[in-house]
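Heads up: the sequence shown begins at 75 in this note's numbering, then just goes up one per residue.
First comes the structure, then the notes that go with it.
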Amino acid sequence: MSTTKVIRLTGFLLILINMAILTKYILFKQPSDTIHVLKNIDKYPRPGFQHGQRENWVLFASIHKIYYSRMDDMYKFMNIGGNILGFVPLGFLLPLVFFRRWSFVLTLLSVFLISFLFESIQLYSGLGVFDVDDLLLNTTGGLLGCMVFLLIFPSLHRKRISIPAAGQPVGRGLAQVGRGH
């Protein structure tokens, strides 16, 4: 198996691990969440409001509320920072694994849509709160991941430059990218 295939396969496995971790922390925060969903799945044709407000559509409202709350700084960091840091790997790994040509817009759109999927599941399952601020923070994490990607592959900022193709040795591919081929 070529080095490029190994890198892409490893990246794909890391994406799966990242998605599993995100699913655990976003949807199944408490061990009882899984049991709750299975017992009540038919009761959620619409967002559930049994535990208070289940959605926030006002940009920066949750961020402001958390930042200025009396909660300790670790809670604030885990909530705001966690929403950012959890999506950094996707911003880095998605273009490495799935896109033949690096695209900033496609990468950010993909991260946004994954975040939107998580938020929608929370909204319609009752497993959490749909929060527009989470979409912003998660997409910011994807942006940071894109920046890391560009630090490692600096010549890929031009859309017409492609990531080394599957089957092409990484060393040769990166050398060609550096020359602008």
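Every residue gets a Cβ at the ideal spot worked out from N, C-alpha and C, and that includes glycine.
Every value quoted in this text rests on a predicted model; they were computed, and no experiment measured them.
| Asked | Found |
| --- | --- |
| Inter-residue Cα distance where the pair is Ser-194 and Ile-140 | 21 Å |
| Test item: CB-CB of Ser-189 and Asn-212 under 8 Å | yes |
| Rounded Cβ spacing between Arg-219 and Val-162 (contact assumed at less than 8 Å) | Per the sequence shown, the amino acid found at residue 219 is Gly instead of Arg. The Cβ separation is near 4 Å, so the contact holds. |
| Under the three-state DSSP convention, the category Asn-161 falls into | Here the sequence assigns Phe to residue 161, which means Asn is not the residue at that position. Coil, per DSSP. |
| Spatial neighbours of Gly-202 in its chain, beta-carbon cut-off 6 Å, leaving aside the 5 residues before and after | Gln-196 |
| Sequence-distant residues of its chain with Cβ nearer than 8 Å to Val-171 (five each side left out) | Arg-82, Gly-85, Phe-86 and Ile-89 |
| Buried or exposed by the 16-neighbour rule on C-beta atoms within 10 Å, applied to Phe-134 | exposed |
| Phe-173 versus Thr-77 - alpha carbon distance | 17 Å |
| Cα-Cα separation, Ile-226 to Leu-168 | 14 Å |
| Extent of the continuous alpha helix (DSSP H) to which Ser-142 belongs | In the sequence as presented, Ser is not what sits at residue 142; that position holds Tyr. Segment: none, Tyr-142 is in no alpha helix (DSSP H) and carries neither H nor E. |
| Residue range of the unbroken alpha helix (DSSP H) whose run includes Phe-190 | 178 to 199 |
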